[in-house]
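The structure under discussion appears below in the form of structure tokens.
Number of protein chains: 4
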Amino acid sequence: MHLAIASITPTAPADVDLAARYSHVRARSVALAAPLSPEDAMLQSMPDASPCKWHLAHSTWFFEQFVLGAQPGYCAIDAHWAYLFNSYYQSVGPMHARPQRGLLSRPTLAQVLDYRAQVDTRIALGFERGNFDRVSQQQIELGLQHEQQHQELLLTDLKHAFWCNPLRPAYRDDLRPTRPRVASAAGPLRWIAGAEGIVEIGAARWPQVARQFSFDQESPRHRALLAPHALAQRPVSNADYRGFIEAGGYRMPALWLSDGWTQVQAGNWAGPLYWDADGVREFTLGGMREIEPQAPVVHLSYYEADAFARWAGARLPTEVEWEQAAADLPVEGNFADDDFLHPQSDALPRTADAPRQMFGDVWEWTSSAYLPYPGFQPLAGALGEYNGKFMSGQQVLRGGSCVSPRGHLRASYRNFFPPSARWQYSGLRLARDA
Amino acid sequence: MHLAIASITPTAPADVDLAARYSHVRARSVALAAPLSPEDAMLQSMPDASPCKWHLAHSTWFFEQFVLGAQPGYCAIDAHWAYLFNSYYQSVGPMHARPQRGLLSRPTLAQVLDYRAQVDTRIALGFERGNFDRVSQQQIELGLQHEQQHQELLLTDLKHAFWCNPLRPAYRDDLRPTRPRVASAAGPLRWIAGAEGIVEIGAARWPQVARQFSFDQESPRHRALLAPHALAQRPVSNADYRGFIEAGGYRMPALWLSDGWTQVQAGNWAGPLYWDADGVREFTLGGMREIEPQAPVVHLSYYEADAFARWAGARLPTEVEWEQAAADLPVEGNFADDDFLHPQSDALPRTADAPRQMFGDVWEWTSSAYLPYPGFQPLAGALGEYNGKFMSGQQVLRGGSCVSPRGHLRASYRNFFPPSARWQYSGLRLARDA
Amino acid sequence: MHLAIASITPTAPADVDLAARYSHVRARSVALAAPLSPEDAMLQSMPDASPCKWHLAHSTWFFEQFVLGAQPGYCAIDAHWAYLFNSYYQSVGPMHARPQRGLLSRPTLAQVLDYRAQVDTRIALGFERGNFDRVSQQQIELGLQHEQQHQELLLTDLKHAFWCNPLRPAYRDDLRPTRPRVASAAGPLRWIAGAEGIVEIGAARWPQVARQFSFDQESPRHRALLAPHALAQRPVSNADYRGFIEAGGYRMPALWLSDGWTQVQAGNWAGPLYWDADGVREFTLGGMREIEPQAPVVHLSYYEADAFARWAGARLPTEVEWEQAAADLPVEGNFADDDFLHPQSDALPRTADAPRQMFGDVWEWTSSAYLPYPGFQPLAGALGEYNGKFMSGQQVLRGGSCVSPRGHLRASYRNFFPPSARWQYSGLRLARDA
Amino acid sequence: MHLAIASITPTAPADVDLAARYSHVRARSVALAAPLSPEDAMLQSMPDASPCKWHLAHSTWFFEQFVLGAQPGYCAIDAHWAYLFNSYYQSVGPMHARPQRGLLSRPTLAQVLDYRAQVDTRIALGFERGNFDRVSQQQIELGLQHEQQHQELLLTDLKHAFWCNPLRPAYRDDLRPTRPRVASAAGPLRWIAGAEGIVEIGAARWPQVARQFSFDQESPRHRALLAPHALAQRPVSNADYRGFIEAGGYRMPALWLSDGWTQVQAGNWAGPLYWDADGVREFTLGGMREIEPQAPVVHLSYYEADAFARWAGARLPTEVEWEQAAADLPVEGNFADDDFLHPQSDALPRTADAPRQMFGDVWEWTSSAYLPYPGFQPLAGALGEYNGKFMSGQQVLRGGSCVSPRGHLRASYRNFFPPSARWQYSGLRLARDA
């Protein structure tokens, strides 16, 4: 499948940095799967989640389909993989039903790893031989960003699957221990005034306008109007959220969106997804752990984030407010590479009046529906299905989490999930009108 | 239930106009039910819809609960009605399950009409005696607006129910015939440039700021930023939409939002809700009728409106764009009072370069999710549940339809439905970036 | 539709008794509907139940389809009725979906009563003119039996529908009061030894072999083998069943069939269908009433009947055991015509050692699956669908109930329902091995 | 858990043959799993099926629970296994939800095999030390019979799971090839007259009455009455069944039980479960294979078997008829040990007038509902849940299949499945009234 991107020089020298990045990102996925048994790698605990093995294969198929497949005379490694490992690209062809991904015992994990190795060899050869023109290099870049997204999903999906096992197994026993609480952390909430008036948000369109990668949905960079407002300096903590629970938040319909209240009752929700009924311990990728009061609360649906904010006399930020506040901050925080794989209490050096923990730790629900920016154009061809077709029924989350790969994020990054989703590392930060 | 509205003079002379309006609006509901048998009035064809009898009772309960119930020492007409006819006001008490409203053979239609008469008598007495302070008068105003909304729902729900009967009965046989096509109508699409830059939309908050009624969700009036754009001069017509169908629009996944494509397949959608398979006839409140090519297409989901716009190389307008274009237009069009009860081809006098059929005929899906305006405050007390708690998972529609009561609408009016809803009189108008 | 019944004399004099019976049975249906509003008559509270109006129309259609329709040159009263009022006769043509019967506001109750009158007129004319040959007379007989079955269903379905209304309306306020308890009734259980060895059960095939009507499923009369056993002299009473509840019967999985236990948990079953949570009052066709301890317990599923029997150290009777015990008893008991419309404590004169209340009061679940007798032949043609195609997944009930029409029953009569059904007047009688 | 079996000598010398049988049967299960990857062994394609790994663990837990657990002072290998590997014994304690068995990546296959080895070691030690009294020896016997049942389920469940994989993998590539057709096989159907009058069927109760093992549900041996009838000499073949398909059998509602017709339409059934749409090839444990016309048709629901019989002018046999015909036949046929793992055309030596292929090849649906025999007593204690609680909603199958272990079956053996089940090796043999 060739991705038509007009007005780009068609050939270019092989990019040495890109090749190195390719190796690095691809190896990272394999490393994430290393602690898993073949059985672990096949787990699919709900239709929304995918098996680790499928993530490994699908992210590989993406390179085969969109990079290798664009090479003249390319012959597929196995004709079946396109059907099994296509996720949702209708333009490319039919695909295996999503809820049945967990039924693919064949190919085995070993076969999938072999498939990865074969594609990696072919890509490496392509780099060596200078086969990749600028378009192909862009597809590789996109493929790496795509793979990093699946690295995060691999962990969130696995966490849910392990949680479904009454043994509550740990993904890893050697994760870094919970960061000791800092005296100054998570103190009384401070509010930081945001910009007002006309601001610019979004990313310049890649690759046509900007060399810096961003997804199509982050562009175009455009003007937006901000009313006077303030953001909380830190995310809502476990201690804050426990206050909401203890005040009866889950039993007060007036706090909830109508759809949220329906979910609370249908699912008997009484706390964040992975909290024990006692509110003392929670399930983590390192097994059951004590809940750290100062750390950001995590695994909330949009409904819960919204209800908490209403209870607190505040609201969720819009994505414009969030991005404006984050625009000048360094993209630093607790990411997957920090090897906690769980939100931690604040530890970065203090900058007076700057919001803290904007990146990493927890994705922050915004009050913005996931919709196209003014002038949005999806990528051309099949890759136009990457983001644009999901622009209904979802909310934007910002900032990344403790299972996001470092280097994958930026201020303009837009994540999106349905308001009922809880299995991502999702929390919130309060906002208010000024 | 007393609605706390601060800083309002507590007593006021009875409003003669309000009393007249009360009689008029209330009589209109009864008139709408007049062509129905008691059985017709009990029909509930899906959980989203309600029986006519329930609409008649619920809109009456609204006055008893929020106006009469606020009078000192008020004694309810029947203690059961609060449970049976509360819709979704959790703050007021528990309620009968929505999907079971069609199982209420008792009270009978005659008893419900009697309940209406009793409440009307008590309200009339209240007017006579000057019992209603300003707050109560405001609740009456709100109750009338509420009743007008239910007048529209009464017709949309009934249409769906009749369509479920293989006999396809007509609601009325004496509706006005389809308006003859005007030579000039529905010609090639013309585009009308919209305003750009900072504009003001929304309504001043009623009753605190403005005397003119509006719902809480329309306020506050606030600034918004518009990028250069244009709106189509007229809604999409049946002829336009038939082009989409004939071009295979319902079989091309690339045109559809992902959730929409899932619906198309699950529901075997191949045209608007009430169209015959042959595309020649459609079900109307007057029974099966020939589809008028020049009339606005109606009974589309958001998914269909969005897919059509993509196919046409355009997009849906935002609600800001729509409201800005409508702000200076007279609120005229084909409303329920015109007695067509079906969209008609354009017949209003020409105003060069003004958008046409903005009000009446069909609700127009916008690309805007139904979310709070900056600074939104719901009504205080139980009535705060009226609109605000539905602000997730829905899209805004604008302009009103051929079954909306004349006088009920305005440019700032926000209707909202889930993207899959098709049983409302919903169509679309195209927009594009300039 | 002509029912092919071979070897029957094709013409016969009009049967005066049959004409009288026709009038009587048909009038009874109308009388049963008399206390209902048109809305009541449209209620359908679950897919298993049908609206009263539909029962009235379907039983009429049966005569039009199978009797009048067999007359040369017959012209249907309304071409739509065949589609709307066919229940499940696939051989006759397609039909309206069962769960949507409650959505038929048209035809109205008045129209359905008019349809009844028209068919009755045509049938009366047929009788007068001697148009009905023996086959037609047999179809009329079958149609009357069929209508009597629907008279019972009309009441059971209506009871369920009224129970779904939080007002709990009474079908009639003028029913006979609960029969005063007789000192001797419902004393300690006595066992009555049954026949053993080879017995004969079933009915001779009508109309080929016997003049006495029976349904095809009751034939042929055939031999069966009985092991030594005994039957309880009376049905299980409310007092007996309360003992089971109080002993924790609904919380002990060991007492239940596996499917039954699943139902208990899924439905939170804690007592018979219409019992109040307090176990003191129950819903009846006369509204809420106090539970009479001596009366037979009613509205049990097969699972509950089976679990009770296991708890009591007994078992349910087989249908052979039941029929053998009933064969020589008069078909007397508390039927619909007695105007209780609820099971009553025993009041018939004592016959030493004869089982009591075998007919009327409550249908008695047997341990026999509903299967064909050896040599079973369904009726020919479309009427072969009447009974035979339901011979899977159901259990046999015997004896009739307090809402069965007097004269409709006999010892060989086989009723059948799925084991989870509770809305029929179903109870049980214990049996044991001797 | 101690199984109370009264009136049995409490101690007995260790049974050398039993120890050998134990080793043999247990090794067979492991051998069946040998061709599988760990991922294969975790597959659960529907709630009715279980993963191979779970079968291996559950059959092991059975010995630990009911044999080892009855030893004084026994200490469980892992306290979690009772929860994870209990199937449905409510008396023993709560259990993991059946539909979630496929989510148990931990314990891994290797851990489960280790669990098996540990239990085997403890059992072996028990044999050596003479620890097992007669009751324990009986529990071991029961455990081995139980394990053999799971050996069959392991294969049927795996076949379904592999069929859900679009790659259609083979369980084994080295199965015996399809047996060449014998000229004489599957000729025109011959009928063999059955016994009539009073016969005896069932097994004497084990272990109280008989030394020969049988399940509780096969007892007591009892008298039954047979009407004159005949059985087909051979099962229905693929060629026979293709005739039914080609005659439109799946499109003729008159042939079907009502519930069956609902299933045909809901599931778009058009042939046996694993047949290709072209009717030429079918999925087998050896992968896709050509359908052998002379071999017994397999993977039919009860509804299909019943509809075929009706189409053929015949009926299904009762279980009494079947057992009577099988009583004197040697238990020979195509079993799992023959290594076809698929029904084959007839190859046994001819015995004039004896029914053929009664054992092995395909389970034969009977017209008998799965109900207790007269005088049935379930095993005491928790093991009473083994069979008795499933006696509703299921039909009896007789004779065993090509995946049943040789030596596991007998003429009185009663298998049972719901009428909609198709994933077992189920076919049919015709019967008729004489």
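Residue numbers (our numbering), protein chains in the order written: chain V, 1 to 434; chain U, 1001 to 1434; chain E, 2001 to 2434; chain C, 3001 to 3434. Each residue gets a CB set at the ideal place from its N, CA and C atoms; glycine is no exception.
message = Using a Cβ-Cβ cutoff of less than 7 angstroms, which residues in the same chain neighbour residue 205 of chain V once the five nearest sequence positions on both sides are dropped?
response = To locate residue 205 of chain V, count along the first sequence from 1; it is residue 205. Closer than 7 angstroms at the Cβ level, and outside the excluded window around residue 205 of chain V, lie 219, 220.
ask   = Thinking just about the alpha-carbon of each residue, which of U/1216, U/1096, U/1045, U/1144 is nearest to the one in residue 1371 of chain U?
value = Position 371 of the second sequence, counting from 1, holds the residue named residue 1371 of chain U. Checking every option, the nearest Cα to that of residue 1371 of chain U belongs to U/1216.
ask   = Are the beta-carbon atoms of residue 293 of chain V and residue 239 of chain V separated by less than 7 angstroms?
value = The residue given as residue 293 of chain V occupies position 293 in the first sequence. The residue given as residue 239 of chain V occupies position 239 in the first sequence. Going by C-beta atoms, residue 293 of chain V is nearer than 7 angstroms to residue 239 of chain V.
Distance, residue 366 of chain V Cα to residue 326 of chain V Cα = Here residue 326 of chain V is taken as the residue at index 326 of the first sequence, counted from 1. Here residue 366 of chain V is taken as the residue at index 366 of the first sequence, counted from 1. Those two C-alpha atoms are separated by around 13 angstroms.
ask   = Nearest chain V C-beta to residue 3422 of chain C closer than 7 angstroms, yes or no?
value = Position 422 of the fourth sequence, counted from the start, is the residue given in the question as residue 3422 of chain C. Taking Cβ atoms only, chain V never reaches closer than 7 angstroms to residue 3422 of chain C, which makes this a no.
inquiry  = Taking beta-carbon pairs under 7 angstroms, can you tell me which members of the segment 2058 to 2084 of chain E lie near chain U?
reply    = 2080, 2083, 2084
inquiry  = Against residue 1334 of chain U, what residues of chain E qualify as contacts under a CB-to-CB distance less than 8 angstroms, listed in chain order?
reply    = For the purposes of this step, residue 1334 of chain U is taken as residue 334 along the second sequence, with counting starting at 1. The contacting residues do not exist; residue 1334 of chain U stays about 27 angstroms from chain E at best.
query = Which term fits residue 1020 of chain U, buried or exposed, when burial requires 16 or more other beta carbons within 10 angstroms of its beta carbon?
reply = Numbered from its first residue, the second sequence carries residue 1020 of chain U at position 20. Residue 1020 of chain U should be labelled exposed.
query = Which value, in whole angstroms, describes the spacing of the CA atoms of residue 173 of chain V and residue 286 of chain V?
reply = The residue given as residue 173 of chain V occupies position 173 in the first sequence. The residue given as residue 286 of chain V occupies position 286 in the first sequence. One C-alpha to the other measures close to 6 angstroms.
request  = Under 6 angstroms Cβ to Cβ from residue 2198 of chain E, same chain only, skipping five residues before and after it: list those, please.
outcome  = Along the third sequence, one-based indexing puts residue 2198 of chain E at 198. 2223, 2225, listed in sequence order.
task = Please list the residues of the segment 1224 to 1235 of chain U that have a C-beta atom closer than 7 angstroms to any C-beta atom in chain V, keeping them in chain order.
result = 1224, 1225, 1227
request  = Find the residues of chain U that neighbour residue 2040 of chain E, judging by a C-beta separation of less than 7 angstroms, and give them in chain order.
outcome  = Start at 1 with the first residue of the third sequence, and residue 2040 of chain E comes out as number 40. Correct list: 1105.
message = As a quick exercise: from U/1195, U/1049, U/1398, U/1422, pick the residue whose alpha carbon is nearest that of residue 1153 of chain U.
response = Along the second sequence, read from residue 1 onward, the residue named residue 1153 of chain U stands at position 153. Per the Cα distances, U/1049.
query = Cα separation between residue 1080 of chain U and residue 2167 of chain E?
reply = By one-based count along the second sequence, residue 1080 of chain U stands at place 80. By one-based count along the third sequence, residue 2167 of chain E stands at place 167. Residue 1080 of chain U and residue 2167 of chain E: Cα-Cα distance of roughly 8 angstroms.
key: Neighbourhood of residue 161 of chain V by C-beta distance below 6 angstroms, restricted to the same chain and skipping five residues each side   = Locating residue 161 of chain V in the first sequence gives position 161, counting from the first residue. Same-chain partners within the cutoff: 43, 45.
message = So, under 8 angstroms CB-CB, residue 1179 of chain U and residue 1345 of chain U are touching, yes? Tell me the CB distance rounded to an integer number of Å.
response = By one-based count along the second sequence, residue 1179 of chain U stands at place 179. By one-based count along the second sequence, residue 1345 of chain U stands at place 345. So it is a contact: roughly 6 angstroms between Cβ atoms.
Assigned secondary structure, residue 1429 of chain U (DSSP; H/G/I helix, E/B strand, else coil) = Here residue 1429 of chain U refers to the residue found at position 429 when the second sequence is read from its first residue. In this structure, residue 1429 of chain U counts as coil in the three-state DSSP scheme.
ask   = Taking a cut of 7 angstroms between CB atoms, which residues from the segment 385 to 409 of chain V lie near chain U?
value = 389, 390, 391, 392, 393
request  = May I have the straight-line CA-CA distance separating residue 1008 of chain U from residue 1299 of chain U, to the nearest angstrom?
outcome  = Along the second sequence, one-based indexing puts residue 1008 of chain U at 8. Along the second sequence, one-based indexing puts residue 1299 of chain U at 299. Caution applies to residue 1008 of chain U, whose pLDDT of 37 falls short of 50 and renders its modelled position unreliable; the value that the coordinates give is listed next. Roughly 42 angstroms separates the two Cα atoms.
ask   = CA-CA distance, residue 2259 of chain E and residue 400 of chain V?
value = As a position in the third sequence, residue 2259 of chain E is number 259, starting the count at 1. As a position in the first sequence, residue 400 of chain V is number 400, starting the count at 1. Going by the C-alpha atoms only, they are around 47 angstroms apart.
ask   = Rounded to a whole number of angstroms, what is the C-alpha to C-alpha distance between residue 3086 of chain C and residue 30 of chain V?
value = On the fourth sequence, residue 3086 of chain C is found 86 positions in, with the first residue counted as 1. On the first sequence, residue 30 of chain V is found 30 positions in, with the first residue counted as 1. The straight-line gap from Cα to Cα measures roughly 36 angstroms.
task = Sort out for me which residues DSSP pairs residue 2369 of chain E with in a bridge.
result = Stepping through the third sequence from its first residue, residue 2369 of chain E is reached at position 369. Residue 2369 of chain E is bridged to E/2395.
query = alpha helix (DSSP H) containing residue 2153 of chain E: first to last residue?
reply = Locating residue 2153 of chain E in the third sequence gives position 153, counting from the first residue. Unbroken alpha helix (DSSP H) run through residue 2153 of chain E: 2134 to 2163.
inquiry  = Which residue marks the beginning of the beta strand (DSSP E) containing residue 3238 of chain C, and which one marks its end?
reply    = For this step, residue 3238 of chain C is matched to residue 238 along the fourth sequence. Careful: residue 3238 of chain C lies outside any beta strand (DSSP E), inside the alpha helix (DSSP H) at 3238 to 3246.
query = Who are residue 3226 of chain C's beta bridge partners in DSSP?
reply = Here residue 3226 of chain C corresponds to residue number 226 of the fourth sequence, with the count starting at 1. Partner(s): C/3197.
Extent of the continuous beta strand (DSSP E) to which residue 287 of chain V belongs = Indexing the first sequence from 1 puts residue 287 of chain V at position 287. From DSSP, the beta strand (DSSP E) with residue 287 of chain V extends over 287 to 290.
query = Comparing the CB of residue 1309 of chain U with every heavy atom of the ligand ATP, is any distance shorter than 6 angstroms?
reply = Here there are no bound small molecules, and the ligand ATP is not part of this structure.
request  = Using beta-carbon positions only, say whether residue 3333 of chain C and residue 3361 of chain C come within less than 7 angstroms of one another.
outcome  = Numbered from 1 along the fourth sequence, position 333 holds the residue referred to as residue 3333 of chain C. Numbered from 1 along the fourth sequence, position 361 holds the residue referred to as residue 3361 of chain C. Yes.
query = Looking at residue 1051 of chain U and residue 1130 of chain U, is the spacing between their C-beta atoms short of 7 angstroms?
reply = As a first step, residue 1130 of chain U must be located in the second sequence, where it is residue number 130. As a first step, residue 1051 of chain U must be located in the second sequence, where it is residue number 51. Going by C-beta atoms, residue 1130 of chain U is not nearer than 7 angstroms to residue 1051 of chain U.
task = Report the rounded CA-to-CA distance for residue 357 of chain V versus residue 1123 of chain U, giving the unit in angstroms.
result = The residue labelled residue 357 of chain V in the question sits at position 357 within the first sequence. The residue labelled residue 1123 of chain U in the question sits at position 123 within the second sequence. Between residue 357 of chain V and residue 1123 of chain U, the C-alpha separation is close to 57 angstroms.
inquiry  = For residue 164 of chain V, would you say it is in contact with chain C, using Cβ-to-Cβ distances shorter than 7 angstroms as the test?
reply    = Translated into the one-based positions of the first sequence, residue 164 of chain V becomes position 164. Judged by the 7 angstroms Cβ criterion, residue 164 of chain V is in contact with chain C.
key: Integer-rounded CB distance, given that residue 2427 of chain E should sit under 8 angstroms from residue 2317 of chain E   = Here residue 2317 of chain E refers to the residue found at position 317 of the third sequence. Here residue 2427 of chain E refers to the residue found at position 427 of the third sequence. Contact flag wrong, Cβ pair sits at about 13 angstroms.
ask   = Assuming residue 1207 of chain U and residue 1138 of chain U make a contact with CB atoms under 8 angstroms, what is their CB distance in whole Å?
value = The residue you call residue 1207 of chain U lines up with position 207 of the second sequence. The residue you call residue 1138 of chain U lines up with position 138 of the second sequence. About 5 angstroms separates the two Cβ atoms, so the contact holds.
request  = Write down the C-beta distance between residue 1057 of chain U and residue 1112 of chain U rounded to the nearest angstrom, noting that I regard them as a contact closer than 8 angstroms.
outcome  = Numbered from 1 along the second sequence, position 57 holds the residue referred to as residue 1057 of chain U. Numbered from 1 along the second sequence, position 112 holds the residue referred to as residue 1112 of chain U. Yes, residue 1057 of chain U and residue 1112 of chain U are in contact; Cβ-Cβ is about 5 angstroms, under 8 angstroms.
key: Buried/exposed call for residue 3211 of chain C, threshold 16 Cβ in 10 Å   = Residue numbering aside, residue 3211 of chain C sits at position 211 when the fourth sequence is read from its first letter. Label assigned to residue 3211 of chain C: exposed.
Per-residue burial, residue 1412 of chain U [other beta carbons within 10 Å of its own, 16 or more giving buried] = On the second sequence, position 412 is the one that residue 1412 of chain U refers to. Buried, since its Cβ has 16 or more Cβ neighbours within 10 Å.
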